[in-house]
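Trainee: Right, I'll just put the structure down here and ask away after.
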Amino acid sequence: MSQNLESGIRESLQNLVTSFDKKINKIALENKITLSQFMVLEVLYSQGEMCISQVRDLICSSVGTIPIIINNLEKANLIKRVCVPCDKRMSKLQLTNEGREVISRLLPINKSIIKNSFKNLSEDEKKQLLYLLNKIEIN
């Protein structure tokens with residue numbers, strides 16, 4: 536019985552993530568970027584400039600995929616690479632003005648999607664859900 540319950544929880548979590556991804560992907564595509572590109576822009580907007588490996592880890596991308604995402608964002612003039620003065624072999628990623636404009640336009644829509652998804656939960660239920668999810672993550 537416990538295994539069925541755990542499988543049901545996993546399936547529900549997977550469905551929730553898939554639902555978020557589909558909705559966010561839709562608004563991203565309307566702005567001519569992919570979901571992965573949106574995630575890179577979001578990370579750079581919230582965290583500031585950082586090296587590719589840091590971005591890759593934060594968006595859970597693979598070593599093979601991240602260069603393609605980065606190159607396409609560069610071609611679209613949404614990000615740029617900036618050389619690190621103390622290490623010429625290393626570069627950091629930075630939003631361009633156009634990239635900042637795109638992500639600034641999309642973040643409120645993203646926030647609305649997330650808020651709407653949790654509208655049926657009370658504040659206490661949201662806190663409890665967050666607590667439980669963090670508890671699962673620790674183990």
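For what it's worth, this note's numbering labels the leading residue of the sequence shown as 536, then goes sequentially. Each residue gets a CB set at the ideal place from its N, CA and C atoms; glycine is no exception.
Could you check where the beta strand (DSSP E) with Ser-626 kicks off and where it finishes?
Mentor: Translated into positions along the sequence shown, residue 626 becomes position 91. Its beta strand (DSSP E) spans residues 622–630.
Trainee: How is Lys-615 classed by DSSP in three states: helix, strand or coil?
Mentor: Locating residue 615 in the sequence shown gives position 80, counting from the first residue. Strand, per DSSP.
Trainee: For Arg-635, I'd like the list of residues in its chain whose CB is within less than 8 Å of its CB, leaving aside the five on either flank, ordered along the chain.
Mentor: Taking the sequence shown and counting its residues from 1, the one referred to as residue 635 is at position 100. Excluding residues within five positions, the ones whose Cβ falls inside 8 Å are Tyr-580.
Trainee: To the nearest angstrom, report how far apart Ser-700 and Arg-591 are at their CA atoms.
Mentor: Outside the shown range of the chain (536 to 674) lies residue 700, about which nothing can therefore be said.
Trainee: Specify whether the region 650–663 and the region 570–584 touch according to this definition: at least 3 beta carbon pairs, one from each stretch, less than 8 Å apart.
Mentor: no
Trainee: Note down the Cα distance separating Leu-570 from Ala-563, rounded to an integer number of angstroms.
Mentor: Reading the sequence shown from its first residue, position 35 is the one you call residue 570. Reading the sequence shown from its first residue, position 28 is the one you call residue 563. Rounded to the nearest whole angstrom, the C-alpha separation of Leu-570 and Ala-563 is 6 Å.
Trainee: Could you pull out every residue in the same chain whose Cβ sits closer than 8 Å to the Cβ of Met-625, ignoring the five residues on either side in sequence?
Mentor: As a first step, residue 625 must be located in the sequence shown, where it is residue number 90. Leaving aside the five residues that flank Met-625 on each side, the residues in its chain whose CB is nearer than 8 Å to its CB run, in chain order, Cys-586, Cys-618 and Val-619.
Trainee: Three or more beta-carbon pairs under 8 Å between the region 549–567 and the region 626–646, yes or no?
Mentor: yes
Trainee: From this set, Leu-667, Glu-609 and Ser-588, which residue's C-alpha is nearest Gly-599's C-alpha?
Mentor: Taking the first residue of the sequence shown as 1, we reach residue 599 at position 64. It is Ser-588 whose Cα lies nearest to the Cα of Gly-599.
Trainee: Just mark Leu-548 as buried or exposed, buried being the case when its beta carbon has 16 or more other beta carbons within 10 Å.
Mentor: Position 13 of the sequence shown, counting from 1, holds the residue named residue 548. With fewer than 16 Cβ atoms within 10 Å of its Cβ, Leu-548 is classed as exposed.
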